[in-house]
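2 protein chains.
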Amino acid sequence: MTREEAEQLDAADPLAFARERFILPENLIYLDGNSLGALPRAVPAMLADTAERQWGDDLIGSWNKHGWIDWPTRVAAKLSPIVGAQTHELLIADSTSVCLFKLLGAAAHARPQRKTILTQQRNFPTDLYVAQGLAEMMGLQLKAVPADEVIGAIDADTAAVTLVHVDYRSASIHDMRAVNAAAHAEGALTVWDLSHSAGAIAIDLDGTACDLAVGCGYKYLNGGPGAPAFLFVADRLQNDLQSPLQGWMGHADPFAFEDDYRPARAINRFLTGTPSILGLAALEAGLDTFADVSMRDVEAKARILSQIFIDEVEMRCGAEVRLESPRDPRERASHVVFAHADAYAVMQALIDRNVIGDFRAPTLMRFGFAPLYNTHAQVVAAAEILADILIARSWDQPRFKDRAKVT
Amino acid sequence: MTREEAEQLDAADPLAFARERFILPENLIYLDGNSLGALPRAVPAMLADTAERQWGDDLIGSWNKHGWIDWPTRVAAKLSPIVGAQTHELLIADSTSVCLFKLLGAAAHARPQRKTILTQQRNFPTDLYVAQGLAEMMGLQLKAVPADEVIGAIDADTAAVTLVHVDYRSASIHDMRAVNAAAHAEGALTVWDLSHSAGAIAIDLDGTACDLAVGCGYKYLNGGPGAPAFLFVADRLQNDLQSPLQGWMGHADPFAFEDDYRPARAINRFLTGTPSILGLAALEAGLDTFADVSMRDVEAKARILSQIFIDEVEMRCGAEVRLESPRDPRERASHVVFAHADAYAVMQALIDRNVIGDFRAPTLMRFGFAPLYNTHAQVVAAAEILADILIARSWDQPRFKDRAKVT
Chain H
1 MTREEAEQLD AADPLAFARE RFILPENLIY LDGNSLGALP RAVPAMLADT AERQWGDDLI
61 GSWNKHGWID WPTRVAAKLS PIVGAQTHEL LIADSTSVCL FKLLGAAAHA RPQRKTILTQ
121 QRNFPTDLYV AQGLAEMMGL QLKAVPADEV IGAIDADTAA VTLVHVDYRS ASIHDMRAVN
181 AAAHAEGALT VWDLSHSAGA IAIDLDGTAC DLAVGCGYKY LNGGPGAPAF LFVADRLQND
241 LQSPLQGWMG HADPFAFEDD YRPARAINRF LTGTPSILGL AALEAGLDTF ADVSMRDVEA
301 KARILSQIFI DEVEMRCGAE VRLESPRDPR ERASHVVFAH ADAYAVMQAL IDRNVIGDFR
361 APTLMRFGFA PLYNTHAQVV AAAEILADIL IARSWDQPRF KDRAKVT
Chain G
408 MTREEAEQLD AADPLAFARE RFILPENLIY LDGNSLGALP RAVPAMLADT AERQWGDDLI
468 GSWNKHGWID WPTRVAAKLS PIVGAQTHEL LIADSTSVCL FKLLGAAAHA RPQRKTILTQ
528 QRNFPTDLYV AQGLAEMMGL QLKAVPADEV IGAIDADTAA VTLVHVDYRS ASIHDMRAVN
588 AAAHAEGALT VWDLSHSAGA IAIDLDGTAC DLAVGCGYKY LNGGPGAPAF LFVADRLQND
648 LQSPLQGWMG HADPFAFEDD YRPARAINRF LTGTPSILGL AALEAGLDTF ADVSMRDVEA
708 KARILSQIFI DEVEMRCGAE VRLESPRDPR ERASHVVFAH ADAYAVMQAL IDRNVIGDFR
768 APTLMRFGFA PLYNTHAQVV AAAEILADIL IARSWDQPRF KDRAKVT
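Residue numbers (our numbering), protein chains in the order written: chain H, 1 to 407; chain G, 408 to 814.
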């Protein structure tokens, strides 16, 4: 594909209007929105207003006057069309890891006779660590099987099945509906991590009968570095589940300052401490970048961009790299992984040419395509630059091999 | 005391320089810095820089370029003189409730043969809720005794003693040194909550042999609404304790993406998910309001301000209210509580006159004195206005009795 052909696709892109919602450096091809979403144009004013006018002028009264107390649910409601859930099934809170701990703990507590949390091998690491810590604390077994054996491994001892919806390396997608059905047939609950799918592909939590889910605010949702996470609890389960992380914001009457915990009705019982108002302000601006956006269009563009990248890279330098993502676009979310023996140095050489992806040890280069702001022309240009670096071996320099960087 | 006499004290105040570090509405007497600290003047620029220059321009590279990865420890180090700990014993993370869960869980895990978490009755509610949830999860007993019976109740079954350092109602102070010594004599660990003392009075965590502590970032530390919390783990314990909330940021090598959790050495193992960078930015500005401030001066001013308030209120209208804080200033931190049968309406009438304190059901009015920005003249003026409202019974109006407000 020529850059001109790509520009024609950009001109016809039904999501082109969304690009103006971001501030991005000129001449940068940013293909790492799956790690940290770009800065929404509305964020600086939102932060200034929250800090100066609300906190500064109205101080403690802002909890009432500006409705801070309701922000965890009000902002979460904006996720409803993005993840296919009812507004009252969603909450913004804590970090993804802490939210996962709460929901996995609640699921295990709801199945007290069952002793197994089931997951896949090579699930996202922090999800494994959370489950390992919880399992040790509650005297449970964490069982990790190959991804394609999860459904078959669900049995009468399975309290919960927890999986990342989209694999952080390959972008392969679990079949939510099938896993939920298999889990429910055995009486188990499902806990999904949507970190690499929310905002990238269409999700239907209610339609596929998900029980519980968590997700990250700072990737495709553009909520800023370390943004608060979100959690989902299906309506039908809310009043039966109990969070192990009980704090005053999840109490039925937080300002009664009672000695004994009484969980709030519905989703609020999954709050713990005081929510980060500045974090919520930025995340709200992030979620607003999805206003009037169809997730079907997002998913379609995600697949077109990733397919163009695969095709253009393989056509130009297929022998140099090996695709580690599914070749069928229906099995992929919105990022693509190629393996190369010197992936770290190649990625540094790309960054040096203003193409930003990321490296995952030992051999993976990961490229994320954010449908709201990445263009077809950028994807073709990135493939050209990658091919240029690989064919000229310009990555093979000491300055690209310094491993001091942490991400 | 006349307002003129108070102004003379302000002129001689060794902390007067710090007041310029805040933006406060004119004509407002803000006596609620114990609930939400005032806006530091540096916050708006700090947020703008973090959002626009760092996140916006440098995107994912900011984790290296701007050292975001180290902010939880770098910012925490600024707490060192405020709480009397070594810099490497401190960490910024999560909310106070979540931090307390981690440290209580770690303490209980370190004393596996012991089944009791000891606390006081009417401890801060969220601390009780956290401990109740943890105790249920780990099969422990939470035992709450009257505050003055805690030391006598520590025994060989006590895994951990957890107390708020300063009572959120009365401002009475626990004797840290005595509780730590009694706990250690029985082999128990101590977990302190400094939410109502950090930034208000001098604290010596190391000098009094504290084991573990948590505290709030948004009260006297001025970190903004829902600021991240802090935690302290004594140097001698760090590598033996294990957080129950295991996440990737607490892993020995987060970017190796290993399947199995290996805790980081030292304080970093108490991190869980990705830290809130915007929250850290604001909290850093909050901690910077303590630069070149002596905590001895802070404590001395806290006691003078609270004593002036007590004296002036009782002199003017002692029969109308009842002091619920210790009368001896050495037994008080930096807030004062008066009881009144119609406390809610009185507080609303005060707010209507631009004096901001808070109400704690059913009968308490709480007034916090932030030594960095409250003045002696404000305290005298607040006492005059309170007396005026009480003597004239101007609180006795329907508009002051509407209970719609949440805080």
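Where is the CB? At the ideal position from N, CA and C, for every residue including glycine.
Considering residue i, what are the terminal residues of the beta strand (DSSP E) in which it resides?
i, result
"H:W192", "189 to 193"
"G:V552", "548 to 552"
"H:H408", "Only positions 1 to 407 of chain H appear in this structure, which leaves residue 408 of chain H out of reach."
"G:T526", "523 to 527"
"G:F716", "Premise fails: G:F716 lies in the alpha helix (DSSP H), 702 to 724, not in any beta strand (DSSP E)."
"H:M365", "364 to 368"
"G:I489", "No beta strand (DSSP E) contains G:I489, which is instead part of the alpha helix (DSSP H) from 487 to 490."
"G:A500", "497 to 500"
Could you give the first and the last residue of the continuous alpha helix (DSSP H) run that contains residue i?
i, result
"G:V573", "No alpha helix (DSSP H) contains G:V573, which DSSP labels as neither H nor E."
"H:A107", "96 to 110"
"H:L9", "3 to 11"
"H:L134", "125 to 138"
"G:H591", "583 to 592"
"G:W470", "469 to 472"
"G:W478", "478 to 483"
"H:G56", "No alpha helix (DSSP H) contains H:G56, which DSSP labels as neither H nor E."
"G:A560", "557 to 560"
Taking residue i as the query, report the chain G residues whose CB atoms sit under 7 angstroms from its CB, ordered along the chain.
i, result
"H:R122", "D666"
"H:G56", "I430, L446"
"H:W68", "P632"
"H:F101", "L652"
Which residues does DSSP pair with residue i in a beta bridge?
i, result
"H:Y30", "H:I356"
"H:V380", "Note: H:V380 sits in no beta bridge, so no partner."
"G:F429", "G:P447"
"G:L694", "Answer is none; G:L694 lacks a bridge partner."
"H:L323", "H:F338"
"H:A160", "H:I117, H:L189"
"H:A349", "According to DSSP, which records beta bridges pairwise, H:A349 is partnered with nothing at all."
"G:A605", "G:I608"
"G:R739", "G:S579"
How would you list, in chain order, the residues of chain H whose beta-carbon sits under 8 angstroms from the beta-carbon of residue i?
i, result
"G:S442", "I60"
"G:S801", "Chain H residues near G:S801: none, gap ~20 angstroms exceeds 8 angstroms."
"G:A421", "The sequence given here places Pro at residue 421 of chain G; Ala does not occur at that position. What G:P421 touches in chain H: nothing, since even the nearest Cβ is about 26 angstroms away."
Below 7 angstroms on C-beta distance, what does residue i contact in chain H?
i, result
"G:V505", "D94, V98, L245, T272, G273"
"G:R767", "F257"
"G:V537", "Q246, G247"
"G:V450", "A51"
"G:M545", "M137"
"G:G622", "Result: empty, since nearest Cβ-Cβ is about 12 angstroms, beyond 7 angstroms."
Report buried or exposed for residue i, applying the criterion of at least 16 other Cβ atoms within 10 angstroms of its Cβ.
i, result
"G:R767", "buried"
"G:I798", "exposed"
"H:T119", "buried"
"G:M722", "exposed"
"G:N434", "exposed"
"G:A750", "buried"
"G:D409", "Here residue 409 of chain G turns out to be Thr, not Asp, going by the sequence shown. It is exposed - the Cβ of G:T409 has fewer than 16 other Cβ atoms within 10 Å."
How would you list, in chain order, the residues of chain G whose beta-carbon sits under 9 angstroms from the beta-carbon of residue i?
i, result
"H:F369", "None at all; the shortest Cβ gap to chain G is about 15 angstroms."
"H:I356", "L466, I467, G468"
"H:A48", "P451, L454, A455"
"H:H251", "P532, T533, Y536"
Under 8 angstroms between beta-carbons, which chain G residues line up against residue i? List them in chain order, please.
i, result
"H:D32", "L466, I467"
"H:Y220", "The premise fails here: H:Y220 is roughly 13 angstroms from chain G at the closest Cβ pair, so nothing lies under 8 angstroms."
"H:A282", "A458, L685"
"H:G105", "M544"
Can you pull the chain H residues whose beta carbon is under 9 angstroms from the beta carbon of residue i, in chain order?
i, result
"G:S683", "S95, G224, P225, G226, A227, P228, S276, L278, G279"
Within the present structure, is the beta-carbon of residue i separated from the nearest heavy atom of the ligand SAH by less than 8 angstroms?
i, result
"G:T565", "As presented, the structure is devoid of all ligands, the ligand SAH included, so that no description of it is given."
- Query: Which whole runs of the beta strand (DSSP E) in the region 208 to 278 of chain H are 3 residues long or more, in chain order?
  - Reply: 212 to 215, 229 to 233, all fully within the region 208 to 278 of chain H.
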